[in-house]
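S.K.:
There are 2 protein chains.
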Amino acid sequence: MSIVVMKFGGSSVANPERIRRVARRVGEAQDEGHQVVVIVSAMGDTTDDLIMLSRELSARPSRREMDMLLSTGEQQSIALLAIALHEYGYKAISLTGLQAGYNTDGTYAVSRICNIDSSRVRKELDEGNIVVVAGFQGLSPNGDITTLGRGGSDTSAVAMAIELQADMCEIYTDVDGVYTADPRLVKSALKLNTISYDEMLEMAAMGAGVLHPRSVELAKQYGMTLHVRTSFDHRLGTIVQEVTDMNGELEKEMVVAGVAHDMSVLRATLFNVPDQPGLASTVFGRLAQDKVNVDMIIQGSKTSDDKQNLSFISARTDADKIEQALGEMVAGGLGEKFELDDSIAKVSVVGAGMISRPGVAAKTFEVISSLGINIDMISTSEIKISCIVPEADAAKAVRALHEAFLG
Amino acid sequence: MSIVVMKFGGSSVANPERIRRVARRVGEAQDEGHQVVVIVSAMGDTTDDLIMLSRELSARPSRREMDMLLSTGEQQSIALLAIALHEYGYKAISLTGLQAGYNTDGTYAVSRICNIDSSRVRKELDEGNIVVVAGFQGLSPNGDITTLGRGGSDTSAVAMAIELQADMCEIYTDVDGVYTADPRLVKSALKLNTISYDEMLEMAAMGAGVLHPRSVELAKQYGMTLHVRTSFDHRLGTIVQEVTDMNGELEKEMVVAGVAHDMSVLRATLFNVPDQPGLASTVFGRLAQDKVNVDMIIQGSKTSDDKQNLSFISARTDADKIEQALGEMVAGGLGEKFELDDSIAKVSVVGAGMISRPGVAAKTFEVISSLGINIDMISTSEIKISCIVPEADAAKAVRALHEAFLG
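Here the protein sequences come in this chain order: A and B. Heads up: the first sequence is residues -1 to 405, going by the working numbering. Heads up: the second sequence is residues -1 to 405, going by the working numbering.
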């Protein structure tokens, strides 16, 4: 019997009415003859509410205790969804991350999944149950609850789909697929029927958290097909898979798959650091230790013969950790001062086809410049060109680039 | 080093301010040189809110899923209390029921604790931690979360105190001890400095859930001293222990320790059941299977030569289960019909001294009768006389009995 893994985010289970809708949707999948595993996030604002509660007690609460606290959100969702499924006459059972067999590396707040012992999940499936699993959480080697950090629930779903050799991992969101640009910014944006893993990785930041890069990477690694779709109706969404067959018309025409933007970034700058070997490894080694992901880096804008500034782009959510790390470096004599700037945004042109079309980069810079927007940093890969621009200009840049490449 | 187990109920941790107060109180106990284990309930209305949420999805939600859902309440409290303790500079770690080693018999919603594997708790204590443990929950033999039902958190605390051979189990509530009657009903009620386990068992229903009989039974069985006190100030409360030394003045004077009442009972009646051997065992065997506790029973009010009515007193919270069980009995031909009446209350006169004073029962009935109140059922033990009266008359009866015996 084929296995389908379905993942529903927090807004899909935000209240009893929505939980019922998810239950009907999940039940239909079993009616169609699939064995069904459902991964759910915490209800709506539960996680934010719990974070606020903890902040009333401490500005810097222990990560272990935050994992203990936040993991209750998913545990509530799975119980409620199982109850709703029973009410529609389906056999269903909820499992926490621990019960579902997620073993993590034990890092609090940002754990990675090491492996899944799916024996309990398989047993419950074989007994005819719809298995409702808490996303975002797992068990550390020492028996503690750890959460998976950003993109955790998507990653839970993809990992379970891989472990169970599922036919498909369906990711239900409040948008109906992946678009050539954020439809809220660009009215003429089109929904993509398919997209490659690499393109999806680059587009991930587009829209309201459609799919976290981490889960896409995992799916790519094991060739798990993802289907990003809405829980509000039955339309097909966007299939994310390896593009092996290049005879599609889409590929021929679309050098550029989409224009993405990311307003959640900040630029950190360390001023007047010594221009000496090993600097980057010192700075970024320390940040890696703190699990801070660094995106673009600019090193080399000399301020004197032996001094330079060092800038990099990271997520705004890591601001506290970056401030701490850079503060300690400056206190230790590495650099004169530091600065965090969150008034910037990243705009990216993405497409697997651009590798053979060298003009894309030039056209991108031209479009942005023609709007009088200053490009602060540039980063390119085989399938993407990203520019850092002022946040206030980002929407304008996205619209112009979409018009130029996809209009 | 001496070990103290402290238990705080839901109202003591209802909001961040109260959690901070509990943290200071707990920290003081460690400062005084004790190893401290804290058992906490879910914050304030959390459990009720979760029950309401589940009722929006199902009138009769699965007990397994309700345990999954409700156990999140305590998990949130322990994390928040640990965070508050850290903020005051204390080493502290939270543990779920599972992590703290509570193994239950696996019955959902009304589990009993089979044993506690306290190795993790001891390890954390030895590392200098205040160990914050989720009450009310444990692990079933098949790896599921089960809750302990009414009085569960008190029982969690007493069981842990016994397992750790603690010096004392302190139960913090929003009243400052055990009174000779509910002070809300009887202005002249007095706080008792000490009370025996047996008296406490009979008085348990007095006041706002001061201590659940189940936890008192467990404490009595192992001779664990309990201290019922308030978390609002440092006054001593009431010590519950075996009374071995009978030289106290209190004992000499006080034949009656207190007057208790219980407004949470119902009377169930099965009409016109066959008057034949084995009836009681059929009816109460079935109710026992459903884990319904039955208090008083009246069997024998004949309605014809071979028929009789059968009445018993139970908790109102078991109404659904009783309705189900009696309904099936009537459908199966056992009795003509059944009725549940929750307009009644139980009033009890309690005192270890009354065993040697036969006049107490007569005086009790006389006081109630003189108020023109009809006594529906009577039950006596060596240390208590209980009368079922109309709920509307219960407060009046309590005041009059307190005046007669303790005024």
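From the three backbone atoms N, C-alpha and C, an ideal C-beta is built for every residue, glycine too. All figures in this text were calculated on a predicted structure; none of them were measured in a lab.
State yes or no: is the C-beta of B/Ile386 within less than 8 Å of the C-beta of B/Asp374?
M.R.: A contact, by the Cβ cut-off of 8 Å.
S.K.: Between which residues of its own chain and A/Ile160 is the CB-CB distance below 6 Å, once the five residues before and five after are set aside?
M.R.: Tyr220, Met222
S.K.: Take A/Thr280 as the anchor and find which of A/Gly333, A/Ile311, A/Val257, A/Val241 has the nearest alpha-carbon.
M.R.: A/Gly333
S.K.: Compute the beta-carbon to beta-carbon distance between B/Ile296 and B/Ser309, rounded to the nearest angstrom, for a pair I have assumed lies under 8 Å.
M.R.: 5 Å
S.K.: Using beta carbons (cut-off 8 Å, strictly below), is B/Gly147 in contact with chain A?
M.R.: no
S.K.: Go ahead and label B/Tyr170 buried or exposed: buried means 16 or more other beta carbons lie within 10 angstroms of its beta carbon, across all protein chains shown.
M.R.: With at least 16 other beta carbons inside 10 angstroms of its own, B/Tyr170 counts as buried.
S.K.: For the segment 88 to 105 of chain B, enumerate the residues whose C-beta is nearer than 7 Å to any C-beta of chain A, in chain order.
M.R.: Across the segment 88 to 105 of chain B, CB contacts with chain A closer than 7 Å involve Ser92, Gln97, in sequence order along the chain.
S.K.: For B/Tyr88, which three-state DSSP category applies?
M.R.: coil
S.K.: In three-state terms, what does DSSP make of B/Ile311?
M.R.: strand
S.K.: Could you pull out every unbroken beta strand (DSSP E) segment of at least 3 residues lying fully inside the segment 138 to 204 of chain B, listed in chain order?
M.R.: 143 to 145, 166 to 171
S.K.: Could you tell me whether the Cβ of B/Asp67 comes closer than 8 Å to any Cβ of chain A?
M.R.: The residue asked about is misnamed: residue 67 of chain B is Leu in this sequence, not Asp. Taking CB atoms only, B/Leu67 has a neighbour in chain A less than 8 Å away.
S.K.: Spatial neighbours of B/Ser0 within its chain, please: CB distance less than 6 Å, with the 5 preceding and 5 following residues excluded, ordered by chain position.
M.R.: His32, Asp165
S.K.: Distance, Cα to Cα, B/Leu369 vs B/Ala395?
M.R.: 8 Å
S.K.: Answer yes or no: do B/Leu83 and A/Leu67 have a C-beta to C-beta separation smaller than 8 Å?
M.R.: no
S.K.: Would you grab the beta carbon distance between A/Cys167 and A/Ala132 for me? Rounded to a whole angstrom, and I think it's under 8 Å.
M.R.: About 17 Å separates the two Cβ atoms, so there is no contact after all.
S.K.: Note down, in chain order, each residue of its chain lying with its Cβ closer than 8 Å to the Cβ of B/Phe269, except the 5 sequence neighbours on either side.
M.R.: Thr301, Asn307, Gly333, Glu334, Lys335, Phe336, Glu337
S.K.: Which runs of the beta strand (DSSP E) at least 3 residues long sit entirely within the segment 240 to 306 of chain B? Give them in chain order.
M.R.: 256 to 260, 263 to 272, 292 to 302
S.K.: Quick one, which of A/Gly7, A/Asp46, A/Glu30 has its alpha-carbon nearest A/Ala155's?
M.R.: A/Gly7
S.K.: B/Thr102 by DSSP, collapsed to three states: which one?
M.R.: DSSP, read as helix, strand or coil, puts B/Thr102 in strand.
S.K.: Using beta carbons (cut-off 8 Å, strictly below), is B/Arg265 in contact with chain A?
M.R.: no
S.K.: At a Cβ cut of 8 Å, what residues of the segment 3 to 14 of chain B count as close to chain A, listed as they run along the chain?
M.R.: Pro14
S.K.: Please list the partners that A/Glu85 has in chain B, where partner means a Cβ-to-Cβ separation under 7 Å.
M.R.: The answer, in chain order, is Leu55, Ser56.
S.K.: Is it buried or exposed, B/Ala255, if we count other Cβ atoms within 10 angstroms and call 16 or more buried?
M.R.: buried
S.K.: Between which two residues does the beta strand (DSSP E) containing B/Thr378 stretch?
M.R.: It spans 375 to 379 - the beta strand (DSSP E) in which B/Thr378 sits, taken as one unbroken run.
S.K.: Could you work out which residue in B/Ser379, B/Ser9, B/Ile342 is closest to B/Ala359 when comparing CA atoms only?
M.R.: B/Ser379
S.K.: Could you tell me how far apart the beta carbons of A/Leu146 and A/Thr153 are, in whole angstroms, since I believe they sit closer than 8 Å?
M.R.: Yes, they are in contact, since the Cβ atoms of A/Leu146 and A/Thr153 sit about 6 Å apart, within 8 Å.
S.K.: Between the segment 47 to 59 of chain B and the segment 10 to 20 of chain A, do three or more beta carbon pairs fall short of 8 Å?
M.R.: Put simply, the segment 47 to 59 of chain B touches the segment 10 to 20 of chain A. At least three CB pairs are less than 8 Å apart.
S.K.: May I ask whether a heavy atom of the ligand GTP can be found less than 7 Å away from the beta carbon of A/Gln97?
M.R.: In terms of ligand content, the structure shown is empty, and the ligand GTP therefore cannot be addressed.
S.K.: Could you work out which residues of chain B lie near A/Glu63, taking near to mean beta carbons separated by less than 7 Å?
M.R.: Ala77, Ala80, Ile81, Ser92
S.K.: Would you grab the beta carbon distance between A/Gly104 and A/Ser138 for me? Rounded to a whole angstrom, and I think it's under 8 Å.
M.R.: The C-beta distance from A/Gly104 to A/Ser138 rounds to 3 Å, short enough to meet the 8 Å contact threshold.
S.K.: So, B/Arg110 versus B/His210, is the Cβ gap smaller than 8 Å?
M.R.: no
S.K.: Just curious, the beta strand (DSSP E) that B/Leu96 is in, first and last residue?
M.R.: For B/Leu96, no beta strand (DSSP E) encloses it, and the DSSP letter there is neither H nor E.
S.K.: Interface residues of chain A around B/Thr70 at Cβ under 7 Å?
M.R.: Chain A residues near B/Thr70: Thr70, Gln73, Gln74.
S.K.: Taking the alpha carbon of A/Ile342 as the reference point, which residue from A/Leu264, A/Lys89, A/Val119, A/Leu96 has its own alpha carbon closest?
M.R.: Here the closest residue by C-alpha is A/Leu264.
S.K.: Between which two residues does the beta strand (DSSP E) harbouring A/Ser346 extend?
M.R.: 342 to 348
S.K.: In this structure, does DSSP put A/Glu334 in helix, strand or coil?
M.R.: coil
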